[in-house]
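Worksheet for the structure shown next.
There are 2 protein chains.
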Amino acid sequence: MSVIKDIEFVKEEYDYEVPFHITGHVSTSTKLITIRLHLDDGIVGLGQASRSFRVNGEVYDALWQYREALLELIKGMDVRNYKRIFDEIDKFSRTAPSLKAGVQFSVLDALSQLIQMPVFEILGGRKDFVESDMTIGIASLEKTVERAKDAREKGFSVLKLKIGEDLKSDIDRVLAVSEATKGAKYIVDANLGYSPKEAIQFSDAMYKNGVDIAILEQPVNVHDFDGLRLVRYNSQYPVGADETIKTKYDALRIVKEDCADFINIKLMKSGISDALAIVEIVQTADLKLMIGCMGEGGIGIAQSVHFATGTGAFTYHDLDSCFLLKNPDYIRFRAEKNKLYPTL
Amino acid sequence: MSVIKDIEFVKEEYDYEVPFHITGHVSTSTKLITIRLHLDDGIVGLGQASRSFRVNGEVYDALWQYREALLELIKGMDVRNYKRIFDEIDKFSRTAPSLKAGVQFSVLDALSQLIQMPVFEILGGRKDFVESDMTIGIASLEKTVERAKDAREKGFSVLKLKIGEDLKSDIDRVLAVSEATKGAKYIVDANLGYSPKEAIQFSDAMYKNGVDIAILEQPVNVHDFDGLRLVRYNSQYPVGADETIKTKYDALRIVKEDCADFINIKLMKSGISDALAIVEIVQTADLKLMIGCMGEGGIGIAQSVHFATGTGAFTYHDLDSCFLLKNPDYIRFRAEKNKLYPTL
């Protein structure tokens, strides 16, 4: 037996190197809960929750209050029966999805120590490493270009640019970046900031100028499935759904209603269990996948590195929060420039 | 490293205790290929293919000719990267799906020995055991009732009755069985034998007589998705798709086109990889699942016992071929009456 004895929540907080500005929101630091899952045999499984109020509605101080209810549900369960434990944790998928992700990962992490096989191999071991993009928040044209050139020089070939606050300046900024970083690919993320018609105008402006847009991500509002489809049918570029997709049920709806070319999985929205289902659904429907992050530190990014390499399901990897924070602990993975390798 | 060195195919053949009669087809024996996957460290992973000409179009003698092509694709691969290996084996999903299943399982079986954790736990460990139904082939009314009573006395609470050759005698037989085995549930399987309207007539006759039909399985032709939906919308009972569903793509079509209440997964149709995807798709769509078999012997049924307990996804388990054959080897599972327990 290797059964769950206790769950410990540990506070972590990191400042961003540069305040992180997206549509309607600026972050200067990230507050995390690191999960230490104690088994009766002394194994401690690690996981991490990076809560999001904007996407999930989660409040940091409230998340701490879920510990006892969680423990009550899964105490005494054997980590070898990990999907039984996932089902219990899944009860928090609406109110505390980031905890769902972190605790589910901590179960896999404990199991991986028990069987001495890293989590990415438990999940299938499809890739040895993944390459992350680099995200550049909303800033002045000059600063955006400077940061993009810097990222390009550091070896990042995919740049994720935040747009969505002002159509005209977004177009100017992305054109300037594309001029200054020839040969890169761009994921542009409006974070709900456009109307469908603004998104189509943005797309047209990019296309006329020959910019290599890999994904036009979440141009419209969370619940606007029809608007997303409208953009998809009228953009020359693949359209991605991010905030719109939290659970596997959302993903199936996107597939049924033909609303997107890409789905952005974030463990902090879906946990491990729904993320696994979304992978199968999206691959069967022949759509494509990217994986993103919130403000995770080292162990949080490790979760996504193991998930992404294990399932091997993703065309693009936006796992850069560990690069954007001041000195987070790297654990369970190592980085070689933009390449992220899972480790035991 | 624990890499694949060789694949050995071993012939097995078992007679049925009683010739097995379904719509348009009688089997007196089952011919199997047991797979022995040799790793360089001495581990031998076991799997089994039970080919079906009727469902998959597979010819037994032809399957032997795939061994070298299979080996060429996966030789030297590490079983810890099992989904990479699955992707290679998936290339046989059209021409040799039963081999796909057996070889994919042999990879998991080898991995399970390596990490000393049974396959059902690698897959999530959701259940400790499952209960099988008992299938009764097409026979005279008297023989059907006798066999049904016998199965009921042996502890089987779900009886699967083969119908589909003659509507009138099917109705008489099922009513007689239900009279003689009160309290049982019945899965009735027409194996493509009815027109949609015959299926609806059958369903009406059962409903008027209060028979507890759990699933009206595959009433209509393989490619008749619309006919299946017509039966579904006009039957008081859950309608199941079996022969219609082979790959995960078929399952997604059933979901999109709203054609069934149940999907019958058989590893011999889908292999492990598509079966895993079908589980996620069907659960997300809130349909239900049963798991069935072809003519597998002991190791073949073990595969489905591990899959069914690991994923914990199935409402009904039709894993009775090992009961219907003369003395197959039981391995990787044990049976206590109708209860099937996975073992290492």
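Here the protein sequences come in this chain order: A and B. With the numbering used here, the residue at position 307 of the first sequence is 307, and numbering never jumps. Whatever position you read off the second sequence (first residue = 1), add 1000 for the numbering used here. Beta carbons: idealized from backbone N, C-alpha and C, even for Gly.
Opening and closing residue of the alpha helix (DSSP H) in which residue i lies
{"i": "methionine 206 (chain A)", "result": "196-208"}
{"i": "aspartate 87 (chain A)", "result": "82-89"}
{"i": "tyrosine 60 (chain A)", "result": "60-63"}
{"i": "serine 1157 (chain B)", "result": "No alpha helix (DSSP H) contains serine 1157 (chain B), which DSSP labels as neither H nor E."}
{"i": "proline 1097 (chain B)", "result": "1097-1115"}
{"i": "leucine 67 (chain A)", "result": "According to the sequence displayed, residue 67 (chain A) carries arginine and not leucine. That run of the alpha helix (DSSP H) goes 67-74."}
{"i": "lysine 1248 (chain B)", "result": "1248-1257"}
{"i": "glycine 271 (chain A)", "result": "267-284"}
{"i": "phenylalanine 1323 (chain B)", "result": "1321-1324"}
{"i": "isoleucine 180 (chain A)", "result": "Looking at the sequence itself, residue 180 (chain A) is alanine, so the reference to isoleucine does not match. Alanine 180 (chain A) -> alpha helix (DSSP H) spans 167-180."}
{"i": "isoleucine 1355 (chain B)", "result": "Because chain B is modelled from 1001 through 1344, residue 1355 (chain B) falls outside the range shown and cannot be assessed."}
{"i": "phenylalanine 120 (chain A)", "result": "119-122"}
Any C-beta of chain B under 8 Å from that of residue i
{"i": "leucine 267 (chain A)", "result": "no"}
{"i": "arginine 84 (chain A)", "result": "yes"}
{"i": "alanine 275 (chain A)", "result": "no"}
{"i": "methionine 117 (chain A)", "result": "yes"}
{"i": "glycine 271 (chain A)", "result": "no"}
{"i": "threonine 284 (chain A)", "result": "yes"}
{"i": "isoleucine 4 (chain A)", "result": "no"}
{"i": "asparagine 221 (chain A)", "result": "no"}
{"i": "lysine 100 (chain A)", "result": "no"}
{"i": "isoleucine 43 (chain A)", "result": "no"}
{"i": "lysine 208 (chain A)", "result": "no"}
{"i": "arginine 80 (chain A)", "result": "yes"}
{"i": "glycine 164 (chain A)", "result": "no"}
{"i": "glycine 24 (chain A)", "result": "no"}
{"i": "glutamate 257 (chain A)", "result": "no"}
{"i": "glutamate 17 (chain A)", "result": "no"}
{"i": "glycine 312 (chain A)", "result": "yes"}
Opening and closing residue of the beta strand (DSSP E) in which residue i lies
{"i": "serine 1304 (chain B)", "result": "From DSSP, serine 1304 (chain B) is part of no beta strand (DSSP E) but of the alpha helix (DSSP H) over 1298-1311."}
{"i": "asparagine 1056 (chain B)", "result": "Per DSSP, asparagine 1056 (chain B) belongs to no beta strand (DSSP E); it is in the alpha helix (DSSP H), 1053-1056."}
{"i": "arginine 1036 (chain B)", "result": "1025-1039"}
{"i": "methionine 134 (chain A)", "result": "134-136"}
{"i": "lysine 5 (chain A)", "result": "4-22"}
{"i": "valine 1044 (chain B)", "result": "1044-1050"}
{"i": "isoleucine 291 (chain A)", "result": "288-291"}
{"i": "tyrosine 355 (chain A)", "result": "The structure shown does not extend to residue 355 (chain A), since chain A is modelled only from 1 through 344, so no value can be given for it."}
Any chain A beta carbon closer than 8 Å to residue i
{"i": "methionine 1134 (chain B)", "result": "no"}
{"i": "leucine 1252 (chain B)", "result": "yes"}
{"i": "glutamate 1088 (chain B)", "result": "no"}
{"i": "isoleucine 1264 (chain B)", "result": "Looking at the sequence itself, residue 1264 (chain B) is asparagine, so the reference to isoleucine does not match. No - not a single Cβ of chain A is within 8 Å of the one on asparagine 1264 (chain B)."}
{"i": "arginine 1232 (chain B)", "result": "no"}
{"i": "lysine 1091 (chain B)", "result": "no"}
{"i": "glycine 1047 (chain B)", "result": "no"}
{"i": "glutamate 1013 (chain B)", "result": "no"}
{"i": "glycine 1227 (chain B)", "result": "no"}
{"i": "glutamate 1280 (chain B)", "result": "yes"}
{"i": "glutamate 1121 (chain B)", "result": "yes"}
beta-carbon residue i near the ligand MN non-hydrogen atom, thresh 7 Å
{"i": "isoleucine 1263 (chain B)", "result": "Absence of the ligand MN is noted for the structure shown, with no ligands found whatsoever."}
query = Going along the chain, which residues of the segment 50-76 of chain A sit with their C-beta nearer than 9 Å to a C-beta in chain B?
reply = none
ask   = Using a Cβ cut-off of 7 Å, which residues of the segment 181-201 of chain A contact any Cβ in chain B, in chain order?
value = The residues in question: there are none.
query = Contact between the segment 1237-1244 of chain B and the segment 1212-1229 of chain B: three or more CB pairs below 8 Å?
reply = With the cut-off at 8 Å, the segment 1237-1244 of chain B and the segment 1212-1229 of chain B touch.
query = Between the segment 326-337 of chain A and the segment 286-306 of chain A, are three or more C-beta pairs nearer than 8 Å?
reply = yes
Inside the segment 1205-1244 of chain B only - alpha helix (DSSP H) runs reaching at least 4 residues = DSSP runs (the alpha helix (DSSP H)) wholly in the segment 1205-1244 of chain B: 1225-1234.
ask   = Using 8 Å as the Cβ pair cut-off and three pairs as the minimum, do the segment 78-90 of chain A and the segment 1037-1044 of chain B touch?
value = Result no; under three Cβ-Cβ pairs closer than 8 Å.
key: the segment 333-343 of chain A in contact with the segment 1058-1065 of chain B per 3-pair CB rule at 8 Å   = no
query = Between the segment 318-338 of chain A and chain B, which residues of the former have a C-beta closer than 9 Å to a C-beta of the latter?
reply = Against chain B - using a Cβ distance shorter than 9 Å - the segment 318-338 of chain A contributes no residues.
request  = Can you give me, in chain order, the residues of the segment 235-248 of chain A that have a beta carbon less than 8 Å from any beta carbon in chain B?
outcome  = Lys248
query = Quick one, which residues of the segment 123-153 of chain A are near chain B if we go by CB-CB under 7 Å, in chain order?
reply = Taking 7 Å as the Cβ-Cβ cut-off against chain B, the residues of the segment 123-153 of chain A that qualify are Gly124, Gly125, Arg126.
query = Touch check for the segment 16-25 of chain A and the segment 266-286 of chain A: three-plus C-beta pairs under 8 Å?
reply = no
message = For the segment 298-317 of chain A against the segment 96-116 of chain A, do three or more pairs of beta-carbon atoms, one drawn from each stretch, fall closer than 8 Å, so that the two count as touching?
response = Yes, they touch.
message = Taking 8 Å as the cut-off, does the segment 1151-1166 of chain B touch the segment 1185-1203 of chain B (at least 3 CB pairs, one atom from each stretch)?
response = yes
request  = Identify each residue in the segment 1288-1309 of chain B for which the Cβ-Cβ distance to at least one residue of chain A is less than 7 Å, and report them in chain order.
outcome  = none
ask   = Does the segment 1172-1184 of chain B touch the segment 1137-1154 of chain B, meaning 3 or more C-beta pairs lie closer than 8 Å?
value = yes
ask   = Okay, do the segment 1123-1130 of chain B and the segment 70-83 of chain A touch, 3+ Cβ pairs below 8 Å being the bar?
value = yes
task = Could you tell me whether the segment 1285-1295 of chain B touches the segment 1251-1263 of chain B, using the rule of 3 or more Cβ pairs below 8 Å?
result = Three or more Cβ pairs closer than 8 Å define a contact, and the segment 1285-1295 of chain B meets that threshold against the segment 1251-1263 of chain B.
inquiry  = Three Cβ pairs or more, each shorter than 8 Å: is that satisfied between the segment 1110-1123 of chain B and the segment 1303-1312 of chain B?
reply    = yes
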